[in-house]
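Below is one structure, written out as structure tokens; comments come after it.
Number of protein chains: 2
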Amino acid sequence: MSGALKDAIRVERPAKTLRELALDKVREAIVNGYFRPGDRLVERDLCAQLGVSRTVVREVLRHLESEGLVANLPNKGPIVAQLDIEEAKQIYEIRGALEGMAARLCAERRSPEIVAALEESLAGIRNSYRDNDMAAVLTNTSSFYHTLFTMVDRNVAWGVVNLLTVRINHLRSMTIKTERRGIEGPLQMLKIVDAIRRGDGEGAYRAAMDHVAAASAIAEAVLSAKKPAD
Amino acid sequence: MSGALKDAIRVERPAKTLRELALDKVREAIVNGYFRPGDRLVERDLCAQLGVSRTVVREVLRHLESEGLVANLPNKGPIVAQLDIEEAKQIYEIRGALEGMAARLCAERRSPEIVAALEESLAGIRNSYRDNDMAAVLTNTSSFYHTLFTMVDRNVAWGVVNLLTVRINHLRSMTIKTERRGIEGPLQMLKIVDAIRRGDGEGAYRAAMDHVAAASAIAEAVLSAKKPAD
DNA sequence: CTACAGTATCTGGTACGCCATAATACGATT
DNA sequence: AATCGTATTATGGCGTACCAGATACTGTAG
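In the order they appear, the protein sequences are chains U and S. For the first sequence, the residue numbers in the working numbering are 2 to 231. For the second sequence, the residue numbers in the working numbering are 2 to 231.
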């Protein structure tokens with residue numbers, strides 16, 4: 002049996018451990034705001050809410066801690082990590098560097114498939130804005146960058162970006178709701194795609210940087226406007 | 002009592018939980034080769050070796066898994082992650098992008114303190130090469146980049162670089178042992194410092210990129226030379 | 001109203017047990 | 001003897017119970 006085919010008939014098992022299910026649940030609960038920043042995450046309460054044992058809950062909390070979504074106060078226990086503005090700016094900066102890098106690589110490859118895939122994602126974003134479906138905007142934006150990275154086989158960088166992105170997810174959901182972002186966001190991304198189509202590596206790099214820089218500026222405004230109200 | 006002083010007499014407790022101690026131990030054991038890539042990490046064995054309970058061991062394994070140092074085979078359990086060459090190249094590339102970014106920022110800040118701190122680290126590296134103390138070379142190199150990042154308050158990026166670096170640590174220890182690396186490595190780093198001293202952001206960026214590119218090339222050679230021998 | 005003691009809460013950590021699965025060894029059958 | 005089925009073992013996944021230490025809360029005595 003040839004190597005390429007030998008997995009074809011493999012029986013697909015759920016294979017997800019309880020731990021992974023719980024991890025996804027809690028992470029989602031944090032990123033979509035069910036648990037707010039600063040909330041304490043009491044182990045035994047989580048056990049009850051998730052319907053799993055402390056063993057599982059503790060492993061999940063450790064995992065989220067290493068993702069930066071959960072902070073651990075000594076002798077007090079885990080809380081949902083607070084995002085301070087300085088950290089958010091750094092995250093945006095890193096994303097700029099890595100997404101710029103990926104955009105440049107895409108441009109240098111000069112592959113029509115890449116352009117087509119990016120345009121499809123971009124169309125999805127426009128539609129979601131038109132339908133006012135903000136959740137869809139987020140997932141489509143993610144998918145845009147996902148193709149940007151995976152088309153040039155940069156899955157490690159994609160993992161890094163993804164890891165950082167969850168930490169600023171509530172910021173993202175605020176920035177995209179900003180007035181004019183529905184116009185300017187896709188416009189900036191279009192510039193990236195155009196530069197890639199032209200094979201203009203440097204232009205693609207700068208366009209990607211500009212896009213996250215804009216997002217960062219909006220995030221900073223949103224965050225500094227909200228902090229005093231706390 | 003004034004706020005600035007009130008922590009002064011605080012009794013410094015280890016504050017490290019058993020879990021963190023165990024985490025460090027296991028990570029170090031992996032990084033310095035006590036556990037080889039592909040080795041199985043049997044929970045109950047680790048309990049015995051570390052002298053801690055299974056709960057702790059499991060949490061440690063989960064943490065290392067999310068760091069990428071440990072891989073979990075379904076229905077078989079955790080093993081030490083194997084590093085394939087493609088992934089290593091991607092990690093070097095990311096480091097290049099981020100270290101270049103940090104170097105540029107350092108140059109733009111034009112602070113003599115930064116230059117002084119970097120020169121001190123660099124001197125440490127040279128001395129370690131002279132003494133043939135390869136472990137010290139590694140830690141001093143880390144400290145060089147640590148100052149590069151923290152001097153411009155980019156601790157998040159530093160965290161990312163650090164996280165990625167542990168995954169290629171055995172590669173690092175092989176590349177620095179390469180002939181001529183003891184000359185060329187410090188020379189490339191000196192170029193970074195010089196550009197920073199000149200306030201030449203672009204030059205610092207490129208010098209940092211060149212340095213990791215060189216390391217990456219050596220690593221690739223080392224890795225592809227070793228793989229067939231497996 | 002304050003100080004202090006007692007109490008409740010919660011994490012950190014341990015021990016132990018049960019179950020499911022995968023691999024291996026072993027034995028039976030043809 | 002080769003093969004097939006079965007017991008055994010190793011191990012991870014998961015749950016429960018328990019204890020110690022730190023912290024926060026509370027009520028009472030002075």
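Backbone N, C-alpha and C define an ideal beta-carbon position, used for all residues, glycine too.
Exercise. At what residue ranges does the region 85-116 of chain U contain a whole run of the alpha helix (DSSP H), taking only runs of 4 or more?
Worked result: 86-110
Exercise. Taking the alpha-carbon positions, what's the Pro187 of chain S to Leu123 of chain S distance?
Worked result: 7 Å
For this session: Please list the partners that Arg105 of chain S has in chain U, where partner means a Cβ-to-Cβ separation under 8 Å.
Result: Result: empty, since nearest Cβ-Cβ is about 10 Å, beyond 8 Å.
For this session: Return yes when the Cβ of Ala89 of chain U is within less than 8 Å of the Cβ of Gly235 of chain U, no when it is not.
Result: With chain U running from 2 to 231 in the structure shown, residue 235 of chain U is simply not present.
Exercise. From the beta carbon of Ser225 of chain S, is the nearest beta carbon of chain U less than 8 Å away?
Worked result: no
For this session: Mind checking who Leu74 of chain U pairs with in its DSSP beta bridge?
Result: U:Gly78
Exercise. What's the gap between the Cα of Leu139 of chain S and the Cα of Glu114 of chain U?
Worked result: 42 Å
Exercise. Near Ser112 of chain S, what residues of its chain come up, given a Cβ to Cβ distance below 8 Å and the 5 sequence neighbours on each side ignored?
Worked result: Met152
Exercise. Under a Cβ-count criterion, where at least 16 other Cβ atoms within 10 Å of its own Cβ denotes burial, should Arg168 of chain S be classed as buried or exposed?
Worked result: buried
For this session: Would you mind stating whether Arg182 of chain U and Ile219 of chain U have Cβ atoms separated by less than 8 Å?
Result: yes
Exercise. Within 10 angstroms of its Cβ, does Asn141 of chain U collect 16 or more other Cβ (buried), or is it exposed?
Worked result: buried
Problem set entry | Exposed unless 16 or more other CB atoms sit within 10 angstroms - verdict on Leu146 of chain U | A small fix is needed here, since residue 146 of chain U is Tyr in this sequence, not Leu. Per the 10 Å Cβ criterion, buried.
Exercise. Hey, how far is the Cα of Ile193 of chain S from the Cα of Trp159 of chain S?
Worked result: 17 Å
For this session: Please name the residue, chosen from S:Leu149, S:Asn76, S:Ala214, S:Arg155, that lies closest to Tyr93 of chain U on a Cα-to-Cα basis.
Result: S:Arg155
Exercise. Taking only beta-carbon atoms, is Thr148 of chain U less than 8 Å away from chain S?
Worked result: no
Exercise. What does DSSP give as the partner residues of Ala41 of chain S in its beta bridges?
Worked result: According to the sequence displayed, residue 41 of chain S carries Arg and not Ala. Answer is S:Ile80, bridged to Arg41 of chain S.
Exercise. So, does the CB of His64 of chain U fall closer than 8 Å to a CB anywhere in chain S?
Worked result: yes
For this session: Could you tell me whether the Cβ of Val153 of chain S comes closer than 8 Å to any Cβ of chain U?
Result: no
Exercise. With a cut-off of 8 Å, does the C-beta of Glu29 of chain U fall near any C-beta of chain S?
Worked result: no
Exercise. Buried or exposed: which applies to Leu19 of chain S, given that a residue is buried once 16 or more other Cβ atoms fall within 10 Å of its Cβ?
Worked result: exposed
Exercise. By a C-beta neighbour count over all protein chains shown, 10 Å radius and 16 as the cutoff for buried, is Pro79 of chain S buried or exposed?
Worked result: buried
Problem set entry | beta strand (DSSP E) runs contained entirely in the region 183-211 of chain S, provided each spans 3 or more residues | none
Exercise. Comparing the C-beta of Gln91 of chain S with each C-beta of chain U, is any distance below 8 Å?
Worked result: yes
Exercise. So what does DSSP say about Met135 of chain S, is it helix, strand or coil?
Worked result: helix
For this session: Find out if the Cβ-Cβ distance for the pair Leu62 of chain S, Val53 of chain S is shorter than 8 Å.
Result: no
For this session: Could you tell me the boundaries of the alpha helix (DSSP H) in which Ser174 of chain U lies?
Result: 170-176
Exercise. Considering only the beta carbon of each residue, do Ala137 of chain U and Ser129 of chain U sit closer than 8 Å?
Worked result: yes
For this session: Check each candidate in U:Arg199, U:Ser174, U:Ala208, U:Asn170 and name the one with the smallest Cα separation from Ala134 of chain U.
Result: Rather than Ala, the amino acid found at residue 134 of chain U in this sequence is Asp. That would be U:Ser174, whose Cα lies nearest to the Cα of Asp134 of chain U.
For this session: Give the range of the alpha helix (DSSP H) segment to which Val27 of chain U is assigned.
Result: 19-32
For this session: Determine the chain S residues that contact Val157 of chain U at a beta-carbon separation under 8 Å, and present them in chain order.
Result: Glu88, Gln91, Ile92, Ile95, Leu165
Exercise. Roughly how many whole angstroms lie between the Cα atoms of Ala216 of chain S and Ser225 of chain S?
Worked result: 14 Å
Exercise. Terminal residues of the continuous alpha helix (DSSP H) containing Arg181 of chain U?
Worked result: Careful: Arg181 of chain U lies outside any alpha helix (DSSP H) and carries neither H nor E.
Exercise. For Ala117 of chain S, which option in S:Glu221, S:Arg198, S:Gly34 has the closest C-alpha, if you only look at C-alpha atoms?
Worked result: S:Arg198
For this session: Return helix, strand or coil for Asp8 of chain U, following the three-state DSSP convention.
Result: At Asp8 of chain U, the pLDDT of 47 sits below 50, so the modelled position is not reliable; the number obtained from the coordinates is stated separately. Coil.
Exercise. How big is the Cα-Cα spacing for Lys26 of chain S and Glu44 of chain S?
Worked result: 15 Å
Exercise. Given a threshold of 16 other Cβ atoms within 10 Å of its Cβ, counted over all protein chains shown, does Gly97 of chain S qualify as buried or as exposed?
Worked result: buried
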